[in-house]
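Here's the structure we're looking at; comments come further down.
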Amino acid sequence: MQARYRARAVVNLVNGSTVAGVLVAGAGRARVRTGPDGLLVAGGYRLPVPPAPAFCLGNVLVTRWPDEEFRGNGRLFAHEARHASQYAWCGGLAMLPLYGVAALVSWGLTGDFGSRNVFERQAGLADGGYSAKPLRPALRRGQVRDRAARAALTMEPGSRSLSS
Ligand SMILES: [Zn+2]
Numbered sequence: 150m151q152a153r154y155r156a157r158a159v160v161n162l163v164n165g166s167t168v169a170g171v172l173v174a175g176a177g178r179a180r181v182r183t184g185p186d187g188l189l190v191a192g193g194y195r196l197p198v199p200p201a202p203a204f205c206l207g208n209v210l211v212t213r214w215p216d217e218e219f220r221g222n223g224r225l226f227a228h229e230a231r232h233a234s235q236y237a238w239c240g241g242l243a244m245l246p247l248y249g250v251a252a253l254v255s256w257g258l259t260g261d262f263g264s265r266n267v268f269e270r271q272a273g274l275a276d277g278g279y280s281a282k283p284l285r286p287a288l289r290r291g292q293v294r295d296r297a298a299r300a301a302l303t304m305e306p307g308s309r310s311l312s313s
């Protein structure tokens, strides 16, 4: 195992997030098995929340899918594994409120909880089944106005006559 993955496993064990993940997996009657890079995979999760097909809590990747099916989806697996690293960087369960704020910011900007969520973007939007959504129309109008103003400021007199 690479040193950084060993460090991640130790940090998430010490900060309690992996223990929380094992408890949540148990509450959802998922079966916890060891995975690659110091991760644990909990397949067959049954509680209705969160509704996602997979989520991460500490070093535990919890999924509604059977274990093998989840491991076979390399992109989703890698996405959830990146969230495990985020838990380590955030000091464990402090990631949950931070993630909540990031999700709300994303929703405010786009109407989607993942699209502008810094955690989801860093973990790979497409790998996690998210897509980049445009800004809400009211925000887009402002952006267009800003861009036009910036362009007007940087434009030289010569180029302005060429473009008009
Ligand atoms: Zn994600």
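Each residue of the sequence shown is one higher than the last, beginning at 150 in the working numbering.
Even glycine gets a Cβ: it sits at the ideal position worked out from N, Cα and C.
_Following a CB-centred definition, is A272 positioned closer than 7 Å to any heavy atom of ligand 1?_
Checking every heavy atom of ligand 1 against the Cβ of A272, one is found closer than 7 Å.
*So A174 is in the alpha helix (DSSP H); what residue range does that whole segment cover?*
Unbroken alpha helix (DSSP H) run through A174: 166 to 176.
*Using a threshold of 7 Å, is the CB atom of G277 nearer than that to any non-hydrogen atom of ligand 1?*
Answer for G277: yes, Cβ within range of ligand 1.
_Shorter than 7 Å, the distance from the beta carbon of E269 to the closest heavy atom of ligand 1, or not?_
yes
*Can you list, in chain order, the residues of its chain whose CB lies under 6 Å from that of L258, leaving out five sequence neighbours each side?*
R265, L284
*Determine the burial state of S313: buried for a count of at least 16 other Cβ atoms within 10 Å of its Cβ, exposed for fewer.*
Here S313 scores only 47 on pLDDT, less than 50, and its place in the model should not be relied on; the value that follows carries that caveat. S313 should be labelled exposed.
*Straight-line CA distance for S166 to Y236?*
7 Å
*Segments assigned alpha helix (DSSP H), at least 4 residues, entirely inside the region 202 to 231*: As far as the region 202 to 231 is concerned, its whole alpha helix (DSSP H) runs of at least 4 residues are 216 to 221.
*Counting along the chain, where does the alpha helix (DSSP H) carrying L288 start and finish?*
286 to 303
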